[in-house]
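Note that the sequence shown covers residues 20 to 458 in our numbering.
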Amino acid sequence: MNQGFEVSKEGIKIIDPSKARKALDDLVYEAVFTEEKELKEKRLIFVKELAKSLGAIPASIFGLYQEMAKEFPGFTVPAINIRGLTYDFARTVFRVALEKNVSALIFEIARSEISYTLQRPLEYASVITAAAAREGYTGPVFIQGDHFQFKRKAFFAAPDKEKENIKKLTNEALEAEFYQIDIDASTLVDIEKPTLEEQQYFNSLMTAEMTSYIREREPMGVTVNIGGEIGEIGGHNSTPEELRAFMNEYLKHLEKGPGISKISVQTGTAHGGVVLPDGSVAKVAVDFDTLKTLSEIARREYGMAGAVQHGASTLPEEMFHLFPEVGCCEIHLATGFQNLIYDHPALPESFRQKIYVFLKENFRKEWKEGWSEAQFIYKIRKKGFGPFKKEWWYLDPKIKEQIMKTLAEKIAFLFEKLKVTDTKRIVTETVKPVFVSKI
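In structure tokens, the structure reads:
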């Protein structure tokens, strides 16, 4: 059967781009749901290589961030975590990106999400690039490891073992062509220490060690874009003194550069938002003055693109235009999209309740004292994507179409407010994708 491409020893040759793009639908499904590990890996690699041959190439956003460090261009790069309906969701994002001429756009998945969504790095990267190619999106595709986070208890009990866990995940991500990695050792900050430098010691040391580790392993011609974090999201707001203490210690420890190009800070948000007993999300006050000050220090004193805002997707819509105005270089968006999917009126109530029953039966130990059922469901339903991945994928196309329509409206709104429309030119000028063959 003519699928629009040919495979030979030299690689994949595209004969008919339209047919090749359509062939991705079946190839992605087959790869994602193959159970035998080696065959699954082989199929996922092929999907990614086909997408690359169609022009959707995993790349590092480092060049753009270097430009942002010199002069802030007036937009904030959205980094989107996709926990479920990944292929459909990513296709929707790329479709809106094409309509709005958006290229400054990151797709990411955190260490914790990889586990509970059952999406290893290779699967995530393959599905994202396939979605790009399927929509006819060409150019760099930015895929990021979000919160490659050190577990505090594990680290202080056995530092070498936890470091090895992070290194192993980093190797897997690099091999899958994640060319953005956010190292999160903010969990190791010790506020009991007398000085800020001592408080940030293990954070700066581990971030520096992992930076050098990545530099030694990144592909030739690729400079992985690396981020660090100074305050665990959900804690007290970060300060200029903490930023300087972290960076000065980090630079002392750094053996192989270039160093990090962005810094995640705490400005009053919490991952997933602050959920009230009725299941609604409380309004929070983001400290935009802090975000502006830290972004300016990051650029002026350390040559970084600026500060990164986490936990933002559940914020009120009237806040989003402020992020580019204060010089925030990147914003992470996850739970708001998840909420839109779970709460969408088109999603069958029977399917929703099936997932909720499963969560109550299997994650009851995570039901904290004092939580209402609505709070528990809100906090835990992110873990309903992995076990039901095939059922999400198999939802009636008409239902998915309605959900994706609403997602598209939200994405278009965010692109406009974050001012990333018409960013194709600056991305083309600053980013040169390197085709790293995997077959």
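Note that CB positions come from ideal geometry on N, CA and C, so glycine has one too.
- Bridge partners of E54 according to DSSP: none are assigned.
- Every beta strand (DSSP E) of 3 residues or more that sits fully in the segment 232 to 261 is shown, in chain order, as 244 to 248.
- Across the structure, D415 and L341 are spaced so that their CA atoms are roughly 38 Å apart.
- A393 carries a helical assignment under DSSP once its states are collapsed to helix, strand and coil.
- Runs of the beta strand (DSSP E) spanning 3 or more residues and lying entirely within the segment 345 to 419 occur at 349 to 352, in chain order.
- Only residues of its own chain outside the window of five on either side were considered, and among them A192, F197 and I200 have a CB closer than 6 Å to the CB of G164, listed in chain order.
- Nearest neighbour of V439 by Cα position, chosen from V112, S369, E385 and A152, turns out to be V112.
- Inclusion of I64 and V160 in the CB contact set at 9 Å is not warranted, their separation being larger than that value.
- Residue state for Q138 is assigned as coil, using DSSP reduced to three classes.
- DSSP places S314 inside the alpha helix (DSSP H), whose first and last residues are F307 to Y321.
- Here V115 is buried: its Cβ has 16 or more other Cβ atoms, across all protein chains shown, within 10 Å.
- Restricted to the segment 155 to 203, the alpha helix (DSSP H) segments that are unbroken, complete and at least 4 residues in length are 171 to 176 and 178 to 194, listed in chain order.
- In the structure shown, the three-state DSSP call for N222 is helix.
- Each of Q421, E435 and L83 was checked against the Cα of E336, and the nearest Cα belongs to E435.
- A straight line joining the alpha-carbon of T449 with that of G93 spans about 16 Å.
- Inclusion of A331 and L270 in the CB contact set at 9 Å is not warranted, their separation being larger than that value.
- Note that the segment 121 to 141 touches the segment 179 to 192; at least 3 beta-carbon pairs, one per stretch, sit closer than 8 Å.
- Put simply, the backbone Cα of I210 is about 29 Å away from that of A98.
- Membership of G82 in the alpha helix (DSSP H) is indicated by the continuous run F81 to K89.
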